[in-house]
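Number of protein chains: 2
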Amino acid sequence: MTITHRIALIGFGTVGQGLAEILVDKGDSLEQQHGVRFQIVAVSDLLKGSLYQATGLDAAALLEVVRRTGKLEEYPVNRGLFTGLDSLETIRRSNADTVVEISWTDVQTGQPAIDHVKAAFENGKNAVLTNKGPVALAYQELAGLAAAQGVQFRFEGTVMSGTPAIRLAQRALAGCTISQIQGILNGTTNYILTQMETGQSYASALAEAQRLGYAEADPTADVEGWDAAGKAVILANVLMGGDLQVAAVDRTGISKLTLADVDAARAAGERWKLIAKVWHSDGTTKASVTPTRVPLSHPLAGVGGAVNAVTYTTDLLGDVTLVGPGAGRMETGYAVLGDLLEIARE
Amino acid sequence: MTITHRIALIGFGTVGQGLAEILVDKGDSLEQQHGVRFQIVAVSDLLKGSLYQATGLDAAALLEVVRRTGKLEEYPVNRGLFTGLDSLETIRRSNADTVVEISWTDVQTGQPAIDHVKAAFENGKNAVLTNKGPVALAYQELAGLAAAQGVQFRFEGTVMSGTPAIRLAQRALAGCTISQIQGILNGTTNYILTQMETGQSYASALAEAQRLGYAEADPTADVEGWDAAGKAVILANVLMGGDLQVAAVDRTGISKLTLADVDAARAAGERWKLIAKVWHSDGTTKASVTPTRVPLSHPLAGVGGAVNAVTYTTDLLGDVTLVGPGAGRMETGYAVLGDLLEIARE
Chain A
-9 MTITHRIALI
1 GFGTVGQGLA
11 EILVDKGDSL
21 EQQHGVRFQI
31 VAVSDLLKGS
41 LYQATGLDAA
51 ALLEVVRRTG
61 KLEEYPVNRG
71 LFTGLDSLET
81 IRRSNADTVV
91 EISWTDVQTG
101 QPAIDHVKAA
111 FENGKNAVLT
121 NKGPVALAYQ
131 ELAGLAAAQG
141 VQFRFEGTVM
151 SGTPAIRLAQ
161 RALAGCTISQ
171 IQGILNGTTN
181 YILTQMETGQ
191 SYASALAEAQ
201 RLGYAEADPT
211 ADVEGWDAAG
221 KAVILANVLM
231 GGDLQVAAVD
241 RTGISKLTLA
251 DVDAARAAGE
261 RWKLIAKVWH
271 SDGTTKASVT
281 PTRVPLSHPL
291 AGVGGAVNAV
301 TYTTDLLGDV
311 TLVGPGAGRM
321 ETGYAVLGDL
331 LEIARE
Chain B
-9 MTITHRIALI
1 GFGTVGQGLA
11 EILVDKGDSL
21 EQQHGVRFQI
31 VAVSDLLKGS
41 LYQATGLDAA
51 ALLEVVRRTG
61 KLEEYPVNRG
71 LFTGLDSLET
81 IRRSNADTVV
91 EISWTDVQTG
101 QPAIDHVKAA
111 FENGKNAVLT
121 NKGPVALAYQ
131 ELAGLAAAQG
141 VQFRFEGTVM
151 SGTPAIRLAQ
161 RALAGCTISQ
171 IQGILNGTTN
181 YILTQMETGQ
191 SYASALAEAQ
201 RLGYAEADPT
211 ADVEGWDAAG
221 KAVILANVLM
231 GGDLQVAAVD
241 RTGISKLTLA
251 DVDAARAAGE
261 RWKLIAKVWH
271 SDGTTKASVT
281 PTRVPLSHPL
291 AGVGGAVNAV
301 TYTTDLLGDV
311 TLVGPGAGRM
321 ETGYAVLGDL
331 LEIARE
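Protein sequence lines, in the order shown, are assigned to chains A and B.
Mapping the first sequence onto the working numbering, position 276 (from 1) lands on 266, and the numbers just tick up by one.
Mapping the second sequence onto the working numbering, position 150 (from 1) lands on 140, and the numbers just tick up by one.
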């Protein structure tokens, strides 16, 4: 027996196209193994245009037209195709079961994603997102709304892209209590630190990270720890019952680290890592992001390059560590798919 | 809303007592968070005796009487308590929803656990086990029986104890296809290899492992790779569609490794690990257990001591590695609890 799960994509950039590719490639095997067919019924992108067809759009045709023209306008016209609905209209009027919010989002305000997610819940639709802003800024409010409406709110891709850090904690470690989280949650800084281990200066390693597309022209969000702090807030609030704001994270970046620091750590059998940490203290949940010298025997010490990792300290298993990619088109596309499969299972 | 999930424990040794302790300590919080109360209705142990009470036994009293007397006989008599049912009678006649098979099992034949699991399925009961024998020997048959009866068959504790290696692959990585598995699946040999890195001979490291209780008086199953081979077969057959027997695993132990080998690896920036590997070749699934020199940058190289780890190579995420404990009373007790929570969720 197959159920059809209809999705609306709000935004059709890298992540949306990655997801569409996965659905084209693996739709049949997903149906066989999980009994569910994910059908894209709507795509609404501020720059590329907007399509809605209640009986389902053709994912391969969406990819073809966007690759060829950069827009959705030349998608083949056919009976029942609506064009031009904006994002909120798409969320309200489409027959999607789940809204996939992957538009460009302002990290300071979380908008327009927060409004998109709220509109989804108010219209009885689940929401999946991969942008950390809305979850870091408004998790408690959004989770409360979803619960009140009896719909689901999932955001695996906000931390470690598709590497299932959140599902591991919530599902696979269900029954364990997490008392501390430590992680390498930002691939750009981990890449720079790994390069510095080979003798490159901070400036040179940063320039290389920029050339490779790991770091942006303005690298502040990564190198000063803001990105990792946002992810630490998500883990704190979702997995450890916190009610933290990003500004409350004790945050230090890596931009002041020198090769002399790296050499001093090496001489002591240690290695610098930008460690995000979440713990309980005095009845509240705290978080920090700090360059930290970890011994080479530490499970996070061996995590090199743009890879991410998280260690959960639990009551029943002690430390459990998950290591995997922290970015990437297919990786983040998979983050959405994994969330959709969880929603379909419920 | 709380549902009550009734369980029968076949065997009440280390794992069963660990599980009972967890249920005593965390029963209320599990009920709050997961909406389920696990109730031990029966315990049947060949040496300690057998109790069945349809309305539920008192887990704290079970632990107290076993700790004090080594047996179950002095459990307080009360109305509705049945004593003396053997394991098969307990499975057939009790009102348990799930049979937890944690008795002593012959690794060559998988008995009596295989018969216990079959009896559970034939009587419409789910089965959870932590002993790898039955799963390594008879997974396809037992999984087929469970499916035919519409009941569940879970065995997280057979690989890496409570570290959720199987749930990670089946649930948290759902939608990914696994093309290769590499793991450190035996803690005893990893402890010995880690000690040899510090200059201890194989014989001395083995003796220390035996003193610490990591290795048995006859260490063959661990040091010659049989234990890891059984776990590799489980991962191959459960996660990669294989139909392997333990005898078909290309298996080499660590007993021939010398300090000279360890030094040679170190000089090359590498480290010996007993690596269990599963892969597809010529349309079939293959497995090996072999001492392997891995570069220090490899995610498995940093896994020291009695810790276990597994790396799944996937189509959508590349490599995802899970590191955690591979043995222990509470750890394996948790393996059962995690499986019970999955069953209760379905």
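All C-beta atoms, glycine included, are put in the ideal place defined by N, C-alpha and C.
Computed from a predicted model, the values in this text were never measured in an experiment.
Within chain B, the residues that residue i reaches when beta carbons sit closer than 7 Å
i	result
ILE12(A)	LEU306
LEU331(A)	ALA164, GLY165
THR4(A)	Going along chain B, no residue has its Cβ under 7 Å from THR4(A), so there is no contact; the nearest lies around 14 Å.
GLY328(A)	ALA164, GLY165
LEU20(A)	GLY165
Distance, residue j Cα to residue i Cα
i	j	result
ARG82(A)	LEU37(A)	20 Å
VAL5(A)	THR322(A)	6 Å
ASP233(B)	LEU127(B)	10 Å
GLN29(B)	ASP87(A)	37 Å
VAL213(A)	LYS276(A)	21 Å
ALA197(B)	THR304(B)	39 Å
LEU249(A)	GLU187(B)	29 Å
ALA51(B)	GLY177(B)	33 Å
ARG241(A)	THR179(A)	14 Å
ALA103(A)	VAL90(A)	10 Å
ALA133(B)	VAL26(B)	25 Å
LYS221(B)	ILE174(B)	10 Å
MET123(A)	ALA207(A)	The question names Met, yet the displayed sequence has Gly at residue 123(A). Approximately 20 Å between the Cα atoms of the pair.
LEU286(B)	ALA317(A)	24 Å
GLY39(A)	VAL14(A)	21 Å
ARG319(A)	ALA325(A)	10 Å
ILE92(A)	LEU247(B)	53 Å
ASP217(B)	ILE244(B)	12 Å
VAL67(B)	SER84(B)	18 Å
LEU75(B)	LYS61(B)	15 Å
VAL223(B)	VAL118(B)	18 Å
LEU20(B)	ASP35(B)	26 Å
PRO329(B)	MET150(B)	Note on residue identity: the sequence assigns Asp, not Pro, to residue 329(B). Rounded to the nearest angstrom, the two C-alpha atoms are 14 Å apart.
GLN235(B)	TYR129(B)	10 Å
VAL125(A)	TYR181(A)	25 Å
ARG335(A)	GLN172(B)	29 Å
Residue i vs residue j beta-carbon contact at 7 Å
i	j	result
LEU327(B)	ILE12(B)	yes
GLU64(A)	VAL56(A)	no
VAL279(B)	ALA266(B)	yes
LEU307(A)	GLY165(B)	no
PHE72(A)	TYR42(A)	yes
TRP269(A)	GLN139(A)	no
LEU53(B)	ALA10(B)	yes
ALA32(B)	ALA(-2)(B)	yes
ARG157(A)	GLU146(A)	yes
GLY294(B)	VAL310(A)	no
LYS263(A)	VAL239(A)	no
TYR192(B)	ALA296(B)	no
ALA155(B)	VAL300(B)	yes
GLN142(A)	ILE333(A)	yes
THR95(B)	ASN121(B)	yes
LEU135(A)	LEU312(B)	no
TYR302(B)	ALA159(B)	yes
Within chain B, the residues that residue i reaches when beta carbons sit closer than 8 Å
i	result
SER287(A)	GLY292, GLY294
ARG157(A)	ARG161, ALA162
Residue i: contacting residues in chain A (beta-carbon distance under 9 Å)
i	result
ASP309(B)	VAL297, VAL313, GLY314, PRO315
HIS24(B)	ALA164, GLY165
7 Å Cβ cut-off: residues of chain A touching residue i
i	result
GLY152(B)	LEU306, LEU307
Chain B residues whose Cβ lies nearer than 9 Å to that of residue i
i	result
HIS(-5)(A)	Under the 9 Å cutoff, chain B gives no residues; its nearest Cβ is about 13 Å from HIS(-5)(A).
Chain-ordered neighbours of residue i on chain A, where CB pairs are closer than 8 Å
i	result
TYR324(B)	GLY165, CYS166, LEU306, LEU307
GLU321(B)	LEU306, LEU307, GLY308
Residues bridged to residue i (per DSSP)
i	result
LEU(-1)(A)	VAL33(A), VAL90(A)
THR275(B)	HIS270(B)
GLU260(A)	PRO285(A)
THR(-6)(A)	ARG27(A)
ILE265(B)	THR280(B)
> What residue ranges within the stretch 40 to 84 of chain A form continuous beta strand (DSSP E) runs of no fewer than 3 residues, ordered along the chain?
Replying inline: 71 to 73
>> Quick check for students: name the residue ranges of the beta strand (DSSP E) that lie wholly in the stretch 281 to 320 of chain B, counting only runs of 3 or more.
In response: 297 to 304, 308 to 315
> Where are the alpha helix (DSSP H) runs, 4 residues long or more, that stay fully inside the stretch 112 to 189 of chain B, in chain order?
Replying inline: 122 to 139, 177 to 187
>> Give the list of continuous alpha helix (DSSP H) stretches no shorter than 4 residues that lie fully inside the stretch 211 to 249 of chain B.
In response: 216 to 229
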